[in-house]
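Input: a single structure, listed below in structure tokens.
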Amino acid sequence: MLDIKVTKTTTPKEKPQGPLGFGKIFTDHMFMMNYTEGMGWHDPRVVPFQDISLSPACVVFHYGQEMFEGMKAYRGENGETYLFRPFKNAARANQSNKRLCIPELPEDIFVEGVKAVVEVDKDWIPTEPGTSLYIRPFIIATDAFLGVAPSKTYLYMVILSPSGAYYSEGLAPVGIWIEDDYVRAVKGGIGFTKTGGNYVASLAAQVKAHDGGFSQVLWLDGVERRYIEEVGAMNIFFKIDGKVVTPMLNGSILPGVTRDSVLTLLKSWGIPCEERRISVDELLEAQKNGKLEEVFGTGTAAVISPVGKLRYKDEIMTIGDGGIGPVSQKLYDTITGIQTGKLADPFDWRVEV
Ligand code: COI
5 MLDIKVTKTT TPKEKPQGPL GFGKIFTDHM FMMNYTEGMG WHDPRVVPFQ DISLSPACVV
65 FHYGQEMFEG MKAYRGENGE TYLFRPFKNA ARANQSNKRL CIPELPEDIF VEGVKAVVEV
125 DKDWIPTEPG TSLYIRPFII ATDAFLGVAP SKTYLYMVIL SPSGAYYSEG LAPVGIWIED
185 DYVRAVKGGI GFTKTGGNYV ASLAAQVKAH DGGFSQVLWL DGVERRYIEE VGAMNIFFKI
245 DGKVVTPMLN GSILPGVTRD SVLTLLKSWG IPCEERRISV DELLEAQKNG KLEEVFGTGT
305 AAVISPVGKL RYKDEIMTIG DGGIGPVSQK LYDTITGIQT GKLADPFDWR VEV
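Counting with this note's numbering, you get residues 5 to 357 for the letters of the sequence shown.
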């Protein structure tokens with residue numbers, strides 16, 4: 005058990021009323037812990053949410069040595085506070101850390117930091133359907149040094165944001181732009197890590213997609229620009245002729261926690277599913293033959309996000325009748341039901357704080 009020092013705010017903020025949006029409002033507290041070479045991780049603490057002071061020379065500002073995670077806390081029907089598969093995020097954080105030369109953060113420390121600040125700010129967990137307390141753990145490199153080298157000091161922090169749906173569309177189907185010019189990641193790169201560099205690489209295409217009236221970008225592989233990878237903020241699934249398929253984890257896409265949960269649920273329901281390479285031509289062909297039945301994205305922020313429309317070059321594919329498909333709806337209801345304690349938890353995914 006960590007010895008976490010808790011300093012509570014003397015000026016608590018008003019809790020938000022009305023629509024929350026995503027990631028716009030922050031709670032009263034945050035978790036912090038330092039790493040110093042030779043000392044390891046030290047000084048775990050919960051402090052009032054505040055600006056932090058860093059040298060302008062910090063490695064994170066110049067070379068982007070940082071990683072982040074995305075999780076959520078939910079309020080149960082009897083006032084419980086639940087996390088969803090937090091050790092899966094902790095393990096993924098260390099996959100990112102390893103690739104980014106950030107020191108490993110023991111999984112129990114990662115989760116204890118999250119639990120500590122969620123416990124202090126649990127009254128901030130919203131309860132309206134479709135809302136939750138979004139949790140953003142992250143580590144930044146804090147050495148003040150302009151040479152390109154791994155930092156010797158780091159800061160692990162956890163901030164919390166009461167949030168609604170990630171997309172302004174809510175559960176209504178989103179339009180996705182299949183990007184055929186820019187690429188996000190290549191094998192051997194950092195595509196599988198959760199780090200800012202992957203997201204800044206996506207911005208130019210995202211602006212293009214928005215200008216074209218689409219919500220998000222679907223990336224193709226970085227070499228042939230032919231095989232489906234992932235969407236800006238989620239993994240992607242297709243139901244083609246009764247079978248659900250998703251790109252296999254190939255080193256350049258994010259190993260999503262919701263992606264893994266969806267595969268587990270589909271298998272348990274006896275719905276055929278496969279992780280494999282999927283080409284954009286296969287999608288066009290399936291669409292032409294009326295076999296592209298459903299498309300949905302998965303992610304912590306996005307949960308299950310039905311896709312109603314896909315654009316590729318001059319083609320616009322409308323998926324099904326453009327509405328929410330039955331598999332997408334069942335997955336959404338089941339996952340959110342498990343997360344909030346309304347449904348049984350056959351895979352032991354829920355962790356009470
Ligand atoms: C998440 O789903 O938690 C993410 O981190 C995706 C996005 C908001 C960047």
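Glycine included, each C-beta is placed from N, C-alpha and C at the ideal position.
Same chain only: Cβ atoms within 8 Å of G201, ignoring 5 sequence neighbours per side
Counting from 1 along the sequence shown, the entry for residue 201 is found at position 197. If we look at G201 and ignore the five residues flanking it on each side, its Cβ neighbours are G68, I194.
So R229 is in the alpha helix (DSSP H); what residue range does that whole segment cover?
Residue mapping note: residue 229 aligns to position 225 of the sequence shown, counting from 1. Here R229 belongs to no alpha helix (DSSP H), and DSSP marks it neither H nor E.
G345 CB to nearest chain C CB: under 7 Å?
The chain inventory of the structure shown lacks chain C, comprising one protein chain alone.
With DSSP as the reference, please indicate the residues paired to P52 in a beta bridge.
On the sequence shown, position 48 is the one that residue 52 refers to. According to DSSP, which records beta bridges pairwise, P52 is partnered with H33.
When you compare the CB positions of A148 and S59, do they come within less than 7 Å of one another, or not?
The sequence position of residue 148 within the sequence shown is 144, counting from 1. The sequence position of residue 59 within the sequence shown is 55, counting from 1. Closer than 7 Å, so yes.
Which one or two residues does DSSP pair with D118 in a beta bridge?
One-based indexing of the sequence shown puts residue 118 at position 114. It is Val, not Asp, that sits at residue 118 in the sequence shown. In the DSSP assignment, V118 is bridged to no other residue.
With a cut-off of 8 Å on the beta carbons, I'd call V178 and M34 a contact; round off their distance for me.
Translated into the one-based positions of the sequence shown, residue 178 becomes position 174. Translated into the one-based positions of the sequence shown, residue 34 becomes position 30. Contact doesn't hold; Cβ gap of about 31 Å is too wide.
Quick check on the contact list: which residues have their beta carbon closer than 5 Å to a heavy atom of the ligand COI?
Having a Cβ closer than 5 Å to some heavy atom of the ligand COI are G74, A237, G303, T304, A305.
Between the region 158 to 175 and the region 131 to 148, do at least 3 Cβ pairs fall closer than 8 Å?
Under the Cβ criterion (8 Å, minimum of three pairs), the region 158 to 175 counts as touching the region 131 to 148.
Sort E233, S309, F242, Y78 by Cα distance to Y186 and report the nearest one.
Taking the sequence shown and counting its residues from 1, the one referred to as residue 186 is at position 182. Nearest C-alpha to Y186: E233.
Y203 by DSSP, collapsed to three states: which one?
On the sequence shown, position 199 is the one that residue 203 refers to. Assigned with DSSP and collapsed to three states, Y203 falls in helix.
How many angstroms separate the CA atom of L270 from the CA atom of I56?
On the sequence shown, position 266 is the one that residue 270 refers to. On the sequence shown, position 52 is the one that residue 56 refers to. In a straight line, the C-alpha of L270 is about 44 Å away from that of I56.
Take V10 as the anchor and find which of V284, G22, M36, P251 has the nearest alpha-carbon.
One-based indexing of the sequence shown puts residue 10 at position 6. Considering only alpha carbons, the answer is M36.
Is V227 buried or exposed, if buried means 16 or more other CB atoms sit within 10 Å of its CB?
Taking the first residue of the sequence shown as position 1, residue 227 is located at position 223. Flag for V227 reads exposed.
Around the Cβ of M5, are there at least 16 other Cβ atoms within 10 angstroms (buried) or fewer (exposed)?
As a first step, residue 5 must be located in the sequence shown, where it is residue number 1. It is exposed - the Cβ of M5 has fewer than 16 other Cβ atoms within 10 Å.
Should D285 be labelled buried (16 or more other beta-carbon atoms within 10 Å of its own) or exposed?
Here residue 285 is taken as the residue at index 281 of the sequence shown, counted from 1. Answer is exposed; the Cβ neighbour count stays below 16.
Measure the alpha-carbon distance for M43 versus A95 and round it to whole angstroms.
Numbered from 1 along the sequence shown, position 39 holds the residue referred to as residue 43. Numbered from 1 along the sequence shown, position 91 holds the residue referred to as residue 95. About 22 Å.
Can you tell me which of the three DSSP states P20 falls into?
Position 16 of the sequence shown, counted from the start, is the residue given in the question as residue 20. Coil at P20, not helix or strand.
Mind checking V380: buried by the 16 CB within 10 Å criterion, or exposed?
No information on residue 380 is available, as it lies outside the stretch 5 to 357 that the chain covers here.
G124 versus G274: straight-line alpha-carbon distance, rounded:
As a working note, residue 124 is residue 120 in the sequence shown. As a working note, residue 274 is residue 270 in the sequence shown. The sequence given here has Val at residue 124, not Gly. Distance from the CA of V124 to the CA of G274, rounded to the nearest whole angstrom, comes to 41 Å.
Bridge partners for F65 per DSSP, in chain order?
Numbered from 1 along the sequence shown, position 61 holds the residue referred to as residue 65. Answer by DSSP bridge pairing: none, since F65 is not bridged.
Quick check on the DSSP output: the alpha helix (DSSP H) that includes K198 runs from which residue to which?
Stepping through the sequence shown from its first residue, residue 198 is reached at position 194. First-last for K198: undefined, no H or E at that position.
Per the DSSP calculation, M71 is bridged to which residue(s)?
Here residue 71 corresponds to residue number 67 of the sequence shown, with the count starting at 1. Beta bridge pairing from DSSP links M71 with I143.
When the Cα of F300 is compared with those of K12, I244, I342, which residue comes out closest?
In the sequence shown, the residue the question calls residue 300 occupies position 296. Cα-wise, what sits closest to F300 is I244.
Status (buried if at least 16 other CB within 10 Å, exposed otherwise) for T344:
Walking along the sequence shown from the start, residue 344 turns up at place 340. Under this definition T344 is a buried residue.
Between the beta-carbon of N239 and the beta-carbon of R263, is there less than 7 Å?
Numbered from its first residue, the sequence shown carries residue 239 at position 235. Numbered from its first residue, the sequence shown carries residue 263 at position 259. Yes, they are a contact pair.
Given 8 Å, three or more beta-carbon pairs between the region 102 to 122 and the region 80 to 92:
A contact exists between the region 102 to 122 and the region 80 to 92.
When you compare only the Cα positions, how much space is there between N98 and L104?
Within the sequence shown, numbered from 1, the residue matching residue 98 stands at position 94. Within the sequence shown, numbered from 1, the residue matching residue 104 stands at position 100. The alpha-carbon atoms of N98 and L104 are separated by roughly 10 Å.
Status (buried if at least 16 other CB within 10 Å, exposed otherwise) for V211
Mapped onto the sequence shown, residue 211 falls at position 207. That one is exposed.
G246 and Q220: beta carbons closer than 7 Å?
The count along the sequence shown starts at 1 and reaches residue 246 at position 242. The count along the sequence shown starts at 1 and reaches residue 220 at position 216. With respect to Q220, G246 sits apart: the two C-beta atoms are not nearer than 7 Å.
Taking the alpha-carbon of T340 as reference, which of H214, G303, V357 has the nearest alpha-carbon?
In the sequence shown, residue 340 corresponds to position 336, counting from 1. Answer by Cα proximity: G303.
Which class does P90 belong to by DSSP, given the choice of helix, strand or coil?
Start at 1 with the first residue of the sequence shown, and residue 90 comes out as number 86. Reduced to three states, the DSSP call for P90 is helix.
Delimiting residues of the alpha helix (DSSP H) encompassing P330
On the sequence shown, position 326 is the one that residue 330 refers to. Judged by DSSP secondary structure, P330 falls within the alpha helix (DSSP H) whose first and last residues are 330 to 343.
Would you list the one or two residues that DSSP bridges to S283?
Locating residue 283 in the sequence shown gives position 279, counting from the first residue. Y231, per the DSSP bridge assignment.
For Y160, the nearest candidate out of Y39, F242, L175, E279 (CA to CA):
Translated into positions along the sequence shown, residue 160 becomes position 156. Minimum Cα distance to Y160 is reached at Y39.
Do the CB positions of A205 and S256 come within less than 7 Å of each other?
By 1-based counting over the sequence shown, the position of residue 205 is 201. By 1-based counting over the sequence shown, the position of residue 256 is 252. The beta carbons of A205 and S256 sit no closer together than 7 Å.
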